[in-house]
């Protein structure tokens, strides 16, 4: 019978082997492409450089940039616009991953301009989606919303399901920043539906997590837990350590807020086990902080103190000032609860100074609030009054900031909607002009075609008339000859025949011959009368 520890070690071993195999597969693909580079030239070389950059841009962005630069240089020398556009896209994504949003912005704009010239609507939609993400990060919310909605509409029209899914997701995230819950959930739901259709588990997990975050933000813990659990149990594989750690941590936060500290500790420990395997120092520091908060609630004070100090050491070494400020705040609050006012004041003042440097009004308010409690407990009237005054000022500033952010969000949404309507109106006008021009062009072409067909028909008809005239002329000549024949040779012979009959006397056949001669003479006269006018008419 295996012990629980042995089973856990086997699971960890399987997970690590799976990760290693996935990485080996990825890098074997890259190595194969690099091998092909040895002989590739021209467009083929540009395409391979872009493929390598695409594979590396989110995991090794610095290396991806090297391949993008070479692709841009080579594609420019051979005037390969499609290759240049893709290289700029990869360059932009790499820069965005590195946090250089200005460079990312410029690169995506270069790509967009090229895709516009190429009339590549997929490239246009992708570039606008990328620009929307960058503008969201840099706080240019109006520009972000305009680009994301345009990307969303264009991808929907052309059935670009991947971009439609991503742009819907990013629009949802933007509305989440605006605190527009209904719109955020609407676009997240649209994105989730498409992600499920495409069986994109990574995207599904991310969307479910964000929906859970929305409900967590409004303290709807049952809904939040539902979405976190759905992502964890139905879409997150055992080897997907990053997402599992995130979801464990989020579920633990819910139980912590619900004061279900045993469940919270369980999930925080699951999160901690993963970050320990990954050796991610910042995540380990956050896990220490979370566990310290749990231990402070369940009276494991020694463990809590130990983990707070471990957290502080990690964030100091990493230069993570915001996380460090938060940890000093929690540690100060911990000592305040223990009535160790000296250490409480020391840690709270450090957190306050860090928050001031970072410009975090919320952090300053929380630190001042705890300091006020400390000074009141110490019956220090002077410092209490000073702290209260600062706290009131911070609350006023926060109210102003919140109102200002709300107004900015409303203005950004309004301006974006106006701009989109204006762009759609201009696009509709352009389409109308194009449709009118197309109609005119088609009409002119149809008229030319009709004229051409008419000329051909007229020529054919004229040819037929000419042939008929020739045939008629031949017939007229034949009729004239026939008429002349009858009126000359036949007439003379007929005259002789008549005399011969008269000279036959009382022959027994005389009456028959006379009667027959009269009948034939009458018929010949009728024929001559019938055809003589026709001949003269045609001659005229």
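In the working numbering, the protein residues as written are 51 to 590.
For every residue, glycine included, the Cβ atom is placed at its ideal position computed from N, Cα and C.
Between the alpha carbons of residue 419 and residue 437, how many angstroms are there, rounded? Residue 419 and residue 437: Cα-Cα distance of roughly 8 Å.
Roughly how many angstroms separate the alpha carbons of residue 366 and residue 79, rounded to a whole number? Each residue's alpha carbon lies about 39 Å from the other.
Less than 8 Å between C-beta atoms, sequence neighbours within five positions excluded: which residues of the same chain meet that for residue 101? Scanning its chain for C-beta atoms nearer than 8 Å, with the 5 sequence neighbours on each side dropped, one finds around residue 101 the residues 83, in chain order.
Can you tell me the Cα-Cα spacing of residue 402 and residue 348, whole angstroms? CA-CA distance, residue 402 to residue 348, rounds to 27 Å.
Would a C-beta distance cut-off of 8 Å place residue 138 and residue 116 closer than the cut-off? Not a contact, by the Cβ cut-off of 8 Å.
Spatial distance of residue 575 from residue 497 (CA atoms): Roughly 57 Å separates the two Cα atoms.
Short check: CB of residue 311 to CB of residue 334, under 8 Å? It is not a contact, given that the beta carbons lie outside the stated cut-off.
Please indicate yes or no: does the CB of residue 205 lie closer than 7 Å to some heavy atom of the ligand SAH? The ligand SAH is not among the ligands present in this structure, which contains no ligands whatsoever.
Three-state secondary structure (DSSP) at residue 210? In the structure shown, residue 210 falls within a coil segment according to DSSP collapsed to helix, strand and coil.
Count the other CB atoms, across all protein chains shown, that sit within 10 Å of the CB of residue 163; report buried if there are 16 or more and exposed otherwise. It counts as exposed.
Which residue wins for smallest C-alpha separation from residue 413, given the options 508, 461 and 372? Distances from the alpha-carbon of residue 413 to those of 508, 461 and 372 put 372 closest.
Secondary structure at residue 235, three-state DSSP: helix, strand or coil? Residue state, collapsed to three classes: helix.
I'd like the ranges of any beta strand (DSSP E) spanning at least 3 consecutive residues and lying wholly in the region 318-402. If we require 3 residues or more, the region 318-402 turns out to have no beta strand (DSSP E) run fully inside it.
Express the C-alpha separation of residue 564 and residue 572 in angstroms, rounding to a whole number. Each residue's Cα considered, the two are about 12 Å apart.
When burial is assigned at 16 or more other CB atoms within 10 Å of the CB, is residue 220 buried or exposed? It is buried - the Cβ of residue 220 has at least 16 other Cβ atoms within 10 Å.
Would you identify the three-state DSSP class for residue 110, choosing helix, strand or coil? Residue state, collapsed to three classes: coil.
In whole angstroms, give me the CA-to-CA distance for residue 320 and residue 447. Residue 320 and residue 447 have their C-alpha atoms roughly 39 Å apart.
Helix, strand or coil for residue 129 per DSSP? In this structure, residue 129 counts as coil in the three-state DSSP scheme.
I need the DSSP call for residue 520, collapsed to helix, strand or coil. Residue 520: helix per DSSP, three-state reduction.
Taking DSSP as the reference, what is the three-state secondary structure of residue 104? In the three-state scheme derived from DSSP, where H, G and I count as helix and E and B as strand, residue 104 is classed as helix.
Using DSSP with H/G/I as helix, E/B as strand and the rest coil, what is residue 71? Since pLDDT at residue 71 reaches only 39, below the 50 mark, its modelled position is unreliable, and the value read off the structure follows with that caveat. The answer is helix: DSSP assigns residue 71 an H, G or I state.
Quick one: is residue 377 buried, meaning 16 or more other Cβ sit within 10 Å of its Cβ, or exposed? Looking at its Cβ environment, which holds 16 or more other Cβ atoms inside 10 Å, residue 377 is buried.
Which residue from 389, 388 and 383 puts its Cα closest to that of residue 400? The option with the nearest alpha carbon to residue 400 is 383.
Kindly indicate which residue of 129, 165 and 186 has the alpha-carbon position closest to the one of residue 152. The shortest CA-to-CA distance from residue 152 to any of 129, 165 and 186 is the one to 186.
Distance, Cα to Cα, residue 391 vs residue 375? Each residue's Cα considered, the two are about 18 Å apart.
Contacts around residue 244, its chain only, beta-carbon distance under 8 Å, and the 5 residues preceding and following it disregarded: Sequence-distant Cβ neighbours of residue 244 in its own chain, meaning closer than 8 Å and more than five residues away, are 211, 214, 215 and 218.
Tell me which residues share the same chain as residue 282 and place their Cβ nearer than 6 Å to its Cβ, disregarding the 5 neighbours each side in the sequence. Cβ neighbours of residue 282 beyond the five flanking positions: 297.
Helix, strand or coil at residue 241 according to DSSP, with G and I counted as helix: DSSP places residue 241 in helix when its eight states are reduced to three.
Residue 85 to residue 91 span [Cα, whole Å]: Each residue's Cα considered, the two are about 13 Å apart.
Residues in the same chain with beta-carbon distance under 7 Å from residue 308, minus the five sequence neighbours each way, listed in chain order, please. Within the same chain, and ignoring the five residues on either side of residue 308 in sequence, the residues whose Cβ sits closer than 7 Å to its Cβ are 271.
Assign residue 223 to buried or exposed, taking buried as 16 or more other Cβ atoms, counted over all protein chains shown, within 10 Å of its Cβ. Residue 223 is buried by the Cβ-count criterion.
Nearest-angstrom Cβ-Cβ length linking residue 444 and residue 411, presumed shorter than 8 Å: Rounded, the Cβ-Cβ distance is 6 Å, consistent with contact.
Got a sec, what are the start and stop residues for the alpha helix (DSSP H) residue 179 sits in? Here the alpha helix (DSSP H) through residue 179 covers 171-187.
In chain order, what residues of the same chain lie with their CB nearer than 6 Å to the CB of residue 353, ignoring the 5 residues before and after it? Contacts found: 345.
Do you know how far the Cα of residue 530 is from the Cα of residue 519? In this structure, the CA atom of residue 519 is about 16 Å from the CA atom of residue 530.
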